[in-house]
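Peer 1:
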Amino acid sequence: MNKLGSLFLDDFIKENKPIFFQLTGRGLLLVIGAVMTLGVTFLLFFFGYPDFLVAAIALILFAPTIVFGLGIDRKLSLVERFYFWILTKRRIYQLENQDRKEYHPRDFIQEKTVRETDPV
Numbered sequence: 001m002n003k004l005g006s007l008f009l010d011d012f013i014k015e016n017k018p019i020f021f022q023l024t025g026r027g028l029l030l031v032i033g034a035v036m037t038l039g040v041t042f043l044l045f046f047f048g049y050p051d052f053l054v055a056a057i058a059l060i061l062f063a064p065t066i067v068f069g070l071g072i073d074r075k076l077s078l079v080e081r082f083y084f085w086i087l088t089k090r091r092i093y094q095l096e097n098q099d100r101k102e103y104h105p106r107d108f109i110q111e112k113t114v115r116e117t118d119p120v
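114 is the number that full-length UniProt numbering gives to position 114 of the sequence shown; each next residue is one higher, with no gaps.
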């Protein structure tokens, strides 16, 4: 297949660039999420909410911030897995000579090790 561009340069193009005070978008989100979580937690403690509820709300607010801000979603490829499960499962495999073969779950494809002349 013909690939345009450079595989080496793609890594640099995908790299996040600093937005504010040398922080990338993910770092900025991490700082804003941490400050917001601390502020909400402080206000809940100030107004006398139960400790269990305050801890639960802080965890609910801070967990996604940590996952996205530290790039854990990239390491676990969560977005790609999510898209894989919600997209249509129809797969088309393209070969070098541009012939297309469509595979369906009902197709019978015999293993390469099985021959018609093998004893049963």
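Note that CB positions come from ideal geometry on N, CA and C, so glycine has one too.
1. Could you check the C-alpha separation between A58 and D51 for me, to the nearest Å?
2. Given a cut-off of 8 Å on the beta-carbon distance, is the pair F20 and L28 in contact?
3. Any idea if T117 is buried or exposed, counting beta-carbon neighbours within 10 angstroms, 16 or more meaning buried?
4. Could you round the C-beta distance between F62 and T24 to whole angstroms and report it? I think they count as a contact, below 8 Å.
5. In three-state DSSP terms, what is residue 121?
6. Helix, strand or coil, according to DSSP, for E111 in the structure here?
Peer 2: Looking at the atomic coordinates:
1. For the purposes of this step, residue 58 is taken as residue 58 along the sequence shown, with counting starting at 1. For the purposes of this step, residue 51 is taken as residue 51 along the sequence shown, with counting starting at 1. Each residue's Cα considered, the two are about 10 Å apart.
2. Here residue 20 refers to the residue found at position 20 when the sequence shown is read from its first residue. Here residue 28 refers to the residue found at position 28 when the sequence shown is read from its first residue. In contact: F20 and L28 (Cβ atoms closer than 8 Å).
3. Looking up residue 117 in the sequence shown gives position 117. It is exposed - the Cβ of T117 has fewer than 16 other Cβ atoms within 10 Å.
4. The residue labelled residue 62 in the question sits at position 62 within the sequence shown. The residue labelled residue 24 in the question sits at position 24 within the sequence shown. Going by Cβ atoms, the distance from F62 to T24 rounds to 19 Å, so no, they are not a contact pair.
5. Nothing about residue 121 can be read from this structure; the chain reaches only from 1 to 120.
6. Here residue 111 refers to the residue found at position 111 of the sequence shown. E111 falls in the coil class under three-state DSSP.
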